[in-house]
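Numbering (our numbering), first residue to last: 175 to 291.
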């Protein structure tokens with residue numbers, strides 16, 4: 175019985191049509207930021223290096239380089255704070271997790287682009 179209740183609560187928290195992207199995609203994540211009583215949109219752009227979890231607890235990790243330093247941030251897919259996720263380009267990958275990008279610098283971080291028809 176408690177499993178059914180948990181599923182019901184999780185279902186109400188989930189988005190009806192979550193953003194569609196894959197590992198290796200370069201994305202722009204549009205976040206709602208509260209500053210005092212104002213709300214604004216802030217964009218975090220980078221490469222999706224990991225997907226984890228399932229259901230309402232599903233997360234994705236985005237990595238980008240800022241001032242020569244790697245920055246990673248995890249976002250819940252079903253968060254109400256995420257306005258939208260735009261896919262800028264798709265990369266060709268052969269792995270589920272792209273943690274090897276952490277050791278790379280400069281042009282070696284780039285992934286080969288996947289062509290869409």
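The beta-carbon is built from N, C-alpha and C at its ideal position, and this holds for glycine as well.
Considering residue i, what are the terminal residues of the alpha helix (DSSP H) in which it resides?
i: residue 215; result: It is not in any alpha helix (DSSP H) - residue 215 instead sits in the beta strand (DSSP E) that spans 212-226.
Can the beta-carbon of residue i be found closer than 9 Å to that of residue j?
i: residue 199; j: residue 217; result: no
i: residue 267; j: residue 287; result: no
i: residue 220; j: residue 247; result: yes
i: residue 236; j: residue 223; result: yes
i: residue 252; j: residue 178; result: no
i: residue 194; j: residue 261; result: yes
Hey, could you find the ends of the beta strand (DSSP E) residue i is sitting in?
i: residue 202; result: 200-209
i: residue 239; result: 233-240
i: residue 183; result: Run containing residue 183: none in the beta strand (DSSP E); it sits in the alpha helix (DSSP H), 176-187.
i: residue 258; result: 256-263
i: residue 249; result: 243-250
Once you ignore the five residues that flank residue i on each side, which residues in its own chain have a CB closer than 6 Å to its CB?
i: residue 207; result: 214 and 216
i: residue 233; result: 226, 227, 248 and 250
i: residue 285; result: 198 and 265
i: residue 196; result: none
i: residue 263; result: 200 and 287
Once you ignore the five residues that flank residue i on each side, which residues in its own chain have a CB closer than 7 Å to its CB?
i: residue 176; result: none
**Prompt:** Does the region 250-258 come close enough to the region 270-288 that 3 or more CB-CB pairs lie under 8 Å?
**Reply:** no
Q) With contact counted as at least three CB pairs below 8 Å, one residue from each stretch, are the region 208-217 and the region 226-236 in contact? A) no
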